[in-house]
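So the structure is just underneath, and the comments pick up after that.
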Amino acid sequence: MNNILVTGGCGFIGSNFIHYLFNQSDFKGKIINADKLTYAGNPENLKSIEKKYSDSRYFFEKIDIAKFSEIESIFEKYEIDYIIHFAAESHVDRSITGPSEFIHTNIVGTFNLLELARKSWKDRKDVLFHHISTDEVYGSLGDTGYFYETTLYDPRSPYSASKASSDHLVMAYFHTYGLPVTISNCSNNYGPYQFPEKLIPLMINNMLEEKSLPVYGDGKNVRDWLYVEDHCSGIWEIVKNGKRGETYNIGGENEWTNVDLLNILCEKVAVEKGKDKDYYKKLIMFVKDRAGHDRRYAINCDKIKAELGWKQSVNFEQGLEITVKWYIDNLQWMKNINSGEYRKWIEKNYLNRQ
Ligand code: NAD
Ligand code: TDX
Numbered sequence: 005m006n007n008i009l010v011t012g013g014c015g016f017i018g019s020n021f022i023h024y025l026f027n028q029s030d031f032k033g034k035i036i037n038a039d040k041l042t043y044a045g046n047p048e049n050l051k052s053i054e055k056k057y058s059d060s061r062y063f064f065e066k067i068d069i070a071k072f073s074e075i076e077s078i079f080e081k082y083e084i085d086y087i088i089h090f091a092a093e094s095h096v097d098r099s100i101t102g103p104s105e106f107i108h109t110n111i112v113g114t115f116n117l118l119e120l121a122r123k124s125w126k127d128r129k130d131v132l133f134h135h136i137s138t139d140e141v142y143g144s145l146g147d148t149g150y151f152y153e154t155t156l157y158d159p160r161s162p163y164s165a166s167k168a169s170s171d172h173l174v175m176a177y178f179h180t181y182g183l184p185v186t187i188s189n190c191s192n193n194y195g196p197y198q199f200p201e202k203l204i205p206l207m208i209n210n211m212l213e214e215k216s217l218p219v220y221g222d223g224k225n226v227r228d229w230l231y232v233e234d235h236c237s238g239i240w241e242i243v244k245n246g247k248r249g250e251t252y253n254i255g256g257e258n259e260w261t262n263v264d265l266l267n268i269l270c271e272k273v274a275v276e277k278g279k280d281k282d283y284y285k286k287l288i289m290f291v292k293d294r295a296g297h298d299r300r301y302a303i304n305c306d307k308i309k310a311e312l313g314w315k316q317s318v319n320f321e322q323g324l325e326i327t328v329k330w331y332i333d334n335l336q337w338m339k340n341i342n343s344g345e346y347r348k349w350i351e352k353n354y355l356n357r358q
């Protein structure tokens, strides 16, 4: 395995994946990280990687995948063997207030990458385009049932519709052009480096600042939570051994209503901060529901377990404790985001040097 183009490597899951990959003894290659550095892209997540590997195995390129000529330049500059495609606009609430970027990045961006892969790889079979997708493409479940790889797509938000569209393009390139592809559809991730607009880091941040904890609607919406490193190990397993042209669901088999999860999270933060266990619960506030709020997601991930031997390794209690501790130990990371300082750092180190 030689050169891997990771898109969106400065985001939450992409940066965790790059850390994960450099820790794998079976990875000896190079990583080219192509990222536009939107509000969600934070190269601070990869500071230690830059320091250790940027002379020979890690290369950063500030690239907008929605611009064909920008991403084309990567294919001209590097020999790419694998593409692991994380880059996306990822926040459902933002897709409701401003869907346009979601269409550009998630749909046009994926199309651009597929086109370049097809043109530059020609008939190579030792290559792979792995597309990172979401369980949200399957729609919303009632109280029972699961999403399977065979479940029909039924996206409800501009975000999930854009991801569904990109998934279809990826499969179309497999069937039409024989491009070697795989897709993973994963449930809600949590862990270090997650932008504090998503439920878990937002709530930890608000507790630490003693701000209210806004729960949408009745708080009974259900999500299936997976520790981010377990997502990374699933992706790596698929890249190495997944059957080309196949989709694999990845999930935590770990369903929680938002309000139950938040109560536990309050207790975990209270323990870390030496407070009474119910201390932060008084901050919980029910607010207006998200438009089109999907009620329940639940993943069946038997296929990746049976075919590739993957399984989750971090249980929820453990994962939440690690996560809470990480945000408390990395307060400056959160402060840099909240104050906008991280953008100044990006301006100075990444935007002006191109
Ligand atoms: P994120 O928002 O934290 O990071 C996205 C990254 O993509 C950022 O670094 C951003 O700068 C980059 N990016 C955005 N637009 C770009 C463009 N036009 N060109 C180049 N780079 C661009 O997202 P995340 O939570 O890490 O999600 C990564 C992927 O995983 C996404 O495809 C998302 O749909 C999928 N996913 C996320 C979850 C989750 O729980 N977070 C679950 C399942 C699937
Ligand atoms: O302030 C909040 N209050 C609240 O009640 C926020 C930010 C969220 N919520 C609810 C909405 C959801 O039911 O918590 C749940 C989780 O919300 P998000 O963290 O926004 O995640 P979700 O909408 O489930 O989508 C996430 O998982 C699937 C990622 O953002 C997607 O990128 C991924 O595809």
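Anchor point for the sequence shown: position 334 equals 338 in the numbering used here, and the numbering is continuous, going up by one each time. Glycine included, each C-beta is placed from N, C-alpha and C at the ideal position.
For this session: Compute every distance between the C-beta of C236 and the non-hydrogen atoms of the ligand NAD, then say whether any falls below 7 Å.
Result: C236 Cβ: outside cutoff for every heavy atom of the ligand NAD.
For this session: Just the C-alpha distance for N20 and D234, rounded to the nearest angstrom, thanks.
Result: Going by the C-alpha atoms only, they are around 10 Å apart.
Problem set entry | Endpoints, beta strand (DSSP E) assigned at H134 | Start and end: L132 to T138.
Exercise. So, using beta-carbon positions, are I69 and A91 closer together than 8 Å?
Worked result: In contact: I69 and A91 (Cβ atoms closer than 8 Å).
For this session: Return yes when the C-beta of T42 is under 7 Å from any heavy atom of the ligand NAD, and no when it is not.
Result: Flag set: Cβ of T42 near the ligand NAD.
Exercise. Nearest to N262 by CA position, among A44, S166 and R299, is which residue?
Worked result: Ranked by how close their Cα comes to the Cα of N262, the residues A44, S166 and R299 have R299 in first place.
Exercise. Apart from the five residues on each side of it in sequence, which residues of its chain come closer than 8 Å, Cβ to Cβ, to D130?
Worked result: Closer than 8 Å at the Cβ level, and outside the excluded window around D130, lie D85.
Exercise. Of all residues in the structure, which have a C-beta closer than 6 Å to any heavy atom of the ligand TDX, taken in chain order?
Worked result: Taken from the N-terminal end onward, the list reads S94, H95, V96, T138, E140, N192, K202, L203, L206, P218, V219, Y220, N225, R227, N262 and R294.
For this session: Would you mind reading off the limits of the alpha helix (DSSP H) that contains V141?
Result: Per DSSP, V141 belongs to no alpha helix (DSSP H) and is neither H nor E.
For this session: Pull up the distance between the alpha-carbon of D228 and that of G323, whole angstroms please.
Result: Taken atom to atom, the span from the alpha-carbon of D228 to that of G323 is near 13 Å.
For this session: Please report the residue range of the alpha helix (DSSP H) in which V291 lies.
Result: Looking at the DSSP string, V291 is not in any alpha helix (DSSP H); the run it does join, the beta strand (DSSP E), is I288 to V291.
Exercise. If you draw a straight line from the C-alpha of N245 to the C-alpha of E345, how long is it?
Worked result: Our two residues, N245 and E345, have alpha carbons roughly 41 Å apart in a direct line.
Exercise. Would you say L118 and L173 are within 8 Å of each other, going by their C-beta atoms?
Worked result: Yes. Within cutoff.
Exercise. When the Cα atoms are used, what is the spatial distance from K71 to I326?
Worked result: Taking the straight line from one Cα to the other gives about 38 Å.
For this session: Could I get the ranges of all uninterrupted alpha helix (DSSP H) runs contained in the region 165 to 226, with 4 residues as the minimum, in chain order?
Result: You should have 203 to 212.
Exercise. Quick one, which of T148, A176, K279 and E213 has its alpha-carbon nearest N225's?
Worked result: Among T148, A176, K279 and E213, the Cα nearest to that of N225 is on T148.
For this session: Using only alpha-carbon positions, find the residue among P218, A44 and G146 that is nearest to V291.
Result: The shortest Cα separation from V291 among P218, A44 and G146 belongs to P218.
Exercise. Does the region 128 to 142 come within contact of the region 178 to 191, defined as at least 3 CB pairs closer than 8 Å?
Worked result: Verdict: yes, contact present.
Problem set entry | A38 - DSSP class collapsed to helix/strand/coil | Three-state DSSP puts A38 in a strand.
For this session: Since I believe I308 is in contact with G195 (beta carbons under 8 Å), could you give me their beta-carbon distance rounded to a whole number of angstroms?
Result: The C-beta distance from G195 to I308 rounds to 19 Å, too long to meet the 8 Å contact threshold.
Exercise. Does the beta carbon of N304 come closer than 8 Å to any beta carbon on chain C?
Worked result: Here chain C cannot be found, since the structure has a single protein chain.
Exercise. When every heavy atom of the ligand NAD is checked, does at least one fall within less than 7 Å of the C-beta of G344?
Worked result: No.
For this session: Could you tell me if the beta carbon of T251 falls within a distance shorter than 7 Å of some heavy atom in the ligand NAD?
Result: For T251, the Cβ stays outside the 7 Å cut-off from all heavy atoms of the ligand NAD.
Exercise. So what does H89 bridge to, in DSSP terms?
Worked result: H89 is bridged by DSSP to T11 and H135.
Exercise. Taking the runs of the alpha helix (DSSP H) that are 4 residues or longer, which of them lie wholly in the region 238 to 310?
Worked result: Taking 4 residues as the shortest admissible run, the region 238 to 310 contains the following complete alpha helix (DSSP H) segments, listed from N- to C-terminal end: 262 to 276.
Problem set entry | Test item: CB-CB of L9 and A38 under 8 Å | Cβ distance < 8 Å, so L9 and A38 count as in contact.
Exercise. Residues in its own chain within less than 6 Å of P159 by CB, not counting five upstream and five downstream?
Worked result: Listed in chain order, the non-local C-beta contacts of P159 below 6 Å within the same chain comprise V141, A165 and A168, local neighbours out to five positions each way being set aside.
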